[in-house]
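Going from the sequence shown to this note's numbering is simple: count from 1 and add 28. Read the structure below first, then the notes.
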Amino acid sequence: MDNTNKYLHIKHEGKNVYEIVDELMGKYKSPLVTIQKIREIFPQLSLIEAKEVVIIKTSEHKSLYDYQGSLFPDLQRFLNEENDNNNL
Numbered sequence: 029m030d031n032t033n034k035y036l037h038i039k040h041e042g043k044n045v046y047e048i049v050d051e052l053m054g055k056y057k058s059p060l061v062t063i064q065k066i067r068e069i070f071p072q073l074s075l076i077e078a079k080e081v082v083i084i085k086t087s088e089h090k091s092l093y094d095y096q097g098s099l100f101p102d103l104q105r106f107l108n109e110e111n112d113n114n115n116l
């Protein structure tokens, strides 16, 4: 699912939301702070929408759903490594 275009119409002072995410990430270097600032600038966005905007702009994922789905293989790999280390 590609939600990139879903947010392109959201603008502030002539910049779209993705341009603002770039600026905020450059300034704060933190996705969490960027999500918070996006919500301050765009109060109409829910926390989930603000998180999705930041995920779309700062990763290869095109939706929050895709991002969350990518966490499961990483989690499984981590658990397998932990299990292997405990068996040594």
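Even glycine gets a Cβ: it sits at the ideal position worked out from N, Cα and C.
Tell me where the alpha helix (DSSP H) around residue i begins and ends.
i, result
"M53", "V45 to Y56"
Please look up how many angstroms separate the CB atoms of residue i and residue j, rounded, as I've assumed it's under 8 angstroms.
i, j, result
"M53", "T86", "6 angstroms"
"I117", "I48", "Because the chain here runs from 29 to 116, residue 117 falls outside it and cannot be looked at."
"S91", "D30", "7 angstroms"
Could you check whether residue j and residue i sit closer than 9 angstroms to each other, using their CB atoms as the reference points?
i, j, result
"L73", "V61", "no"
Could you check the C-alpha separation between residue i and residue j for me, to the nearest Å?
i, j, result
"L36", "A78", "13 angstroms"
"E68", "N111", "42 angstroms"
Say yes only if the C-beta of residue i is nearer than 8 angstroms to one or more non-hydrogen atoms of the ligand GTP, and no if none qualify.
i, result
"L75", "Looking for the ligand GTP in the displayed structure turns up nothing, as the structure carries no ligands at all."
Go ahead and pull the three-state DSSP assignment for residue i.
i, result
"K39", "strand"
"S87", "coil"
"S12", "Nothing about residue 12 can be read from this structure; the chain reaches only from 29 to 116."
"Q72", "coil"
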